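Worksheet for the structure shown next.
Chains as they are written, first to last, in our numbering: chain Y, 29 to 112; chain F, 29 to 112.
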């Protein structure tokens with residue numbers, strides 16, 4: 029799973045703290061990781077309560093890890109462990 | 029394909045302009061789209077020439093479109109056409 033967010037600056041810290049409880053931070057506004065369906069439901073609920081009108085979060089659900097490969101151009105930021 | 033970037037603010041415009049020539053802007057520092065292997069090679073070359081030391085671009089290559097699904101929490105930003 030890949031999650032990217034674009035939220036109002038006053039909410040960035042809270043969104044980042046929330047996402048950190050579920051996933052791994054890997055780049056500025058990007059998280060990766062693998063979570064269960066029930067935890068994804070819980071994450072979405074918490075996000076909906078936190079986000080305001082113009083905030084945007086995209087959740088890319090990956091059917092199986094091997095279907096997605098990550099390449100880095102330039103610096104590696106977060107964890108470099110295997111994608112999922 | 030999903031591309032996310034985290035680059036020095038003075039280079040954001042140029043990186044965004046470059047990525048727009050290959051992919052679709054969908055959120056703050058996120059692009060999506062489907063490109064050929066040769067265009068991906070060309071894109072990576074242009075990125076390497078443009079990026080400086082601490083700049084970071086992640087390229088997520090998706091083996092086949094159906095393997096990834098995008099869900100939005102909050103606002104939809106860029107194109108809403110089918111993921112790939």
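Even for Gly, the Cβ is constructed at its ideal location relative to N, Cα and C.
Computed from a predicted model, the values in this text were never measured in an experiment.
#1: Is residue 101(F) helix, strand or coil by DSSP?
#2: Please name the residue in 101(F), 93(F), 102(F) and 103(F) whose C-alpha comes closest to that of residue 60(F).
#3: Tell me which residues of the stretch 50 to 70 of chain Y have at least one Cβ-Cβ distance to chain F shorter than 8 Å, keeping chain order.
#4: Check for me: the alpha helix (DSSP H) holding residue 41(F) runs from which residue to which?
#5: Are the beta-carbon atoms belonging to residue 57(F) and residue 88(F) less than 7 Å from one another?
#6: What separation, rounded to the nearest whole angstrom, lies between the Cα atoms of residue 48(Y) and residue 41(Y)?
#7: Pick out whichever of 91(F), 103(F), 105(F) and 82(F) has its Cα sitting closest to the Cα of residue 37(F).
#8: Where does residue 84(Y) sit, in a helix, a strand or coil, going by DSSP?
#9: Whole angstroms is fine: what's the gap from residue 76(Y)'s alpha carbon to residue 70(F)'s?
Taking the coordinates as given:
#1: strand
#2: 93(F)
#3: Listed by position along the chain: 54, 55, 56, 57 and 58.
#4: 40 to 48
#5: Not a contact, by the Cβ cut-off of 7 Å.
#6: In this structure, the alpha-carbon of residue 48(Y) lies about 10 Å from that of residue 41(Y).
#7: 82(F)
#8: strand
#9: 39 Å
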